[in-house]
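Engineer: Residue numbers (our numbering), protein chains in the order written: chain A, 18 to 211; chain P, 18 to 211.
The structure is given below, and queries will be raised subsequently.
2 protein chains.
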Amino acid sequence: MGRPPLVDDPRAEILREAARLFAQKGYAESSLNELAAAMKYSKGAIYNYFASKQEIYDAIIIATLKALYDSAASAVNPDDPAPERLRQFMMAHARCLEANYHAFVTMLVGYSGMANAALKDDALKLRDAHEGLLRQIISEGIADGTFRPVDVAMTGRAVLSLLSWMARWFRPDGPKSGEEIAADYYDLIVKGLA
Amino acid sequence: MGRPPLVDDPRAEILREAARLFAQKGYAESSLNELAAAMKYSKGAIYNYFASKQEIYDAIIIATLKALYDSAASAVNPDDPAPERLRQFMMAHARCLEANYHAFVTMLVGYSGMANAALKDDALKLRDAHEGLLRQIISEGIADGTFRPVDVAMTGRAVLSLLSWMARWFRPDGPKSGEEIAADYYDLIVKGLA
DNA sequence: GTCTATATGGTGATAGAC
DNA sequence: GTCTATCACCATATAGAC
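Given below as structure tokens:
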């Protein structure tokens with residue numbers, strides 16, 4: 018039998034470290050030399066787990082989108098009224114961003130070309146599923162009269178804009194937690210400014 | 018006397034074409050060969066107007082931030098009530114994004130490292146001035162009772178999140194103009210969802 | 001001012017020993 | 001599975017003719 022890996026789960030470790038690096042410097046600006054140095058691996062070892070640099074990036078994006086959708090889907094309780102479900106959706110997003118901070122930043126700031134067509138398709142499906150969940154909440158809120166008759170697509174995009182942009186300015190060691198910020202945003206979007 | 022330039026304003030032309038390229042592929046993924054080819058210039062000619070690729074990027078960011086601040090400052094009429102000024106601010110942002118679409122995308126998606134420390138400082142000052150303008154509108158709206166007593170910094174960030182994220186999904190040839198979207202967002206943020 | 005040709009360095013990826 | 005050594009390539013940037 019072969020020699021055991023140096024660490025428990027090399028693939029996961031590589032993805033974690035790569036996300037940290039990509040978030041800091043951007044995808045193209047990060048070299049595999051840096052990645053190898055940061056995790057005390059050699060370039061050769063990395064290529065034993067991933068066929069290319071692009072494959073590492075793709076894996077980060079897919080895993081993060083999947084985590085985002087799963088967190089939203091499991092946080093939203095279908096039996097609750099629409100406003101409460103919207104709150105659950107937003108809180109889950111913020112929690113997920115906080116838990117996968119570097120991956121979210123990578124997704125926001127990095128070059129967004131996915132090489133593998135099948136994976137790109139998966140990514141789009143996950144994003145659509147996630148946004149679809151949100152739109153359904155808004156639609157049902159309008160249908161039962163708890164929300165004003167707003168444009169569903171536009172309003173969904175507004176909610177996702179607030180949450181997505183968090184990756185740009187949020188800091189894990191900042192004064193407010195992700196959930197606190199999501200709660201503030203929920204209040205603002207539901208009650209409005211006036 | 019020397020030979021005249023091939024085009025009227027080579028520097029501006031280079032910046033325009035570079036923004037288009039950076040927006041499409043990202044900063045690091047774009048090469049000066051591509052840039053030169055796209056504008057039927059040679060690499061050597063470009064280096065006559067900019068000392069480095071980084072200098073081109075920096076110039077795009079500074080010019081865009083300046084245009085954004087100027088457009089907001091000149092659109093907001095100090096004599097109008099806070100809600101109307103907020104509307105003016107948001108509409109100006111959307112107009113500016115539409116008019117400088119590729120530069121806004123470059124600013125959003127590109128690698129954000131500015132090499133020149135002085136320029137980086139300028140960029141931060143412009144951004145702060147722009148955000149300060151927005152916060153003042155919100156503050157005065159709260160002070161005179163037209164807005165609820167919300168957290169000013171948080172609310173300002175929310176408004177800028179909506180507008181900034183537009184660079185990610187807005188398409189100049191899409192069904193709605195920038196101003197129409199800004200108007201929708203204004204309604205949502207002022208009236209709320211409920 | 002514009003071009004072609006070139007210097008220089010670092011990148012992603014591979015080969016092959018252990 | 002991990003490493004070192006190396007390849008082939010393409011990038012930014014420069015030099016110098018016109």
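Cβ coordinates follow ideal geometry from the N, Cα and C atoms, glycine included.
For E72 of chain A, which option in A:R102, A:R28, A:E46 has the closest C-alpha, if you only look at C-alpha atoms?
Structural biologist: Measuring from the Cα of E72 of chain A, the nearest candidate turns out to be A:R28.
Engineer: Which residues of the segment 149-172 of chain P have a Cβ closer than 7 Å to any Cβ of chain A? Give them in chain order.
Structural biologist: Going along the segment 149-172 of chain P in chain order, one finds T163, F164, R165, V167, D168, M171, T172 with a Cβ nearer than 7 Å to chain A.
Engineer: Under 9 Å Cβ-Cβ, which residues of chain A neighbour V8 of chain P?
Structural biologist: Because chain P in this structure spans residues 18 to 211, residue 8 of chain P falls outside the shown range and cannot be described.
Engineer: Over what stretch of residues does the alpha helix (DSSP H) that includes S181 of chain P continue unbroken?
Structural biologist: Here the alpha helix (DSSP H) through S181 of chain P covers 169-186.
Engineer: From this set, P:T163, P:P189, P:G173, P:D139, which residue's C-alpha is nearest L150 of chain P's C-alpha?
Structural biologist: Comparing Cα positions, the closest option is P:G173.
Engineer: Excluding the 5 residues flanking K86 of chain P on each side, which residues of the same chain have their C-beta closer than 6 Å to its C-beta?
Structural biologist: It is Tyr, not Lys, that sits at residue 86 of chain P in the sequence shown. Excluding sequence neighbours, Y86 of chain P sits near L143, A146, H147.
Engineer: So D138 of chain A is in the alpha helix (DSSP H); what residue range does that whole segment cover?
Structural biologist: D138 of chain A -> alpha helix (DSSP H) spans 134-160.
Engineer: Just checking, does the segment 174-194 of chain P make contact with the segment 111-125 of chain P on the three C-beta pairs under 8 Å criterion?
Structural biologist: The answer is yes - the segment 111-125 of chain P touches the segment 174-194 of chain P, with three or more Cβ pairs under 8 Å.
Engineer: Of all the residues that make up the segment 28-62 of chain A, which are near chain P by a beta-carbon distance shorter than 7 Å?
Structural biologist: Those would be G43, A45, E46, in chain order.
Engineer: For the alpha helix (DSSP H) containing S91 of chain A, list its first residue and its last residue.
Structural biologist: Segment 70-92, the alpha helix (DSSP H) holding S91 of chain A.
Engineer: What span of residues does the alpha helix (DSSP H) with Y118 of chain P cover, start to end?
Structural biologist: Here the alpha helix (DSSP H) through Y118 of chain P covers 118-126.
Engineer: Just mark Y64 of chain A as buried or exposed, buried being the case when its beta carbon has 16 or more other beta carbons within 10 Å.
Structural biologist: With fewer than 16 Cβ atoms within 10 Å of its Cβ, Y64 of chain A is classed as exposed.
Engineer: Please confirm if the segment 159-167 of chain A is in contact with the segment 97-106 of chain A, defined as three or more CB-CB distances below 8 Å between the two stretches.
Structural biologist: Result yes; three or more Cβ-Cβ pairs closer than 8 Å.
Engineer: What is the residue span of the alpha helix (DSSP H) that K57 of chain A lies within?
Structural biologist: Segment: none, K57 of chain A is in no alpha helix (DSSP H) and carries neither H nor E.
Engineer: Short of 6 Å in beta carbon distance, which residues of its chain neighbour L125 of chain P, apart from the five on each side in sequence? Order them along the chain.
Structural biologist: Excluding positions up to five away in sequence, the list reads A184.
Engineer: Strictly under 8 Å for the Cβ-Cβ distance: is P100 of chain A near chain P by that measure?
Structural biologist: Chain P contact via Cβ: present.
Engineer: How is P27 of chain A classed by DSSP in three states: helix, strand or coil?
Structural biologist: In this structure, P27 of chain A counts as helix in the three-state DSSP scheme.
Engineer: Assign P100 of chain A to one of three DSSP states: helix, strand, or coil.
Structural biologist: Reduced to three states, the DSSP call for P100 of chain A is helix.
Engineer: Check whether the segment 134-142 of chain P and the segment 187-196 of chain P are in contact - that is, three or more C-beta pairs closer than 8 Å.
Structural biologist: The segment 134-142 of chain P, when compared against the segment 187-196 of chain P, does not touch it at the 8 Å Cβ threshold.
Engineer: Quick one: give me the first and last residue of the alpha helix (DSSP H) that L205 of chain P is part of.
Structural biologist: From DSSP, the alpha helix (DSSP H) with L205 of chain P extends over 195-208.
Engineer: What's the C-alpha gap between A76 of chain P and L141 of chain P?
Structural biologist: In a straight line, the C-alpha of A76 of chain P is about 14 Å away from that of L141 of chain P.
Engineer: Along chain A, in chain order, which residues have C-beta atoms closer than 7 Å to that of S178 of chain P?
Structural biologist: The answer, in chain order, is S178, L179, W182.
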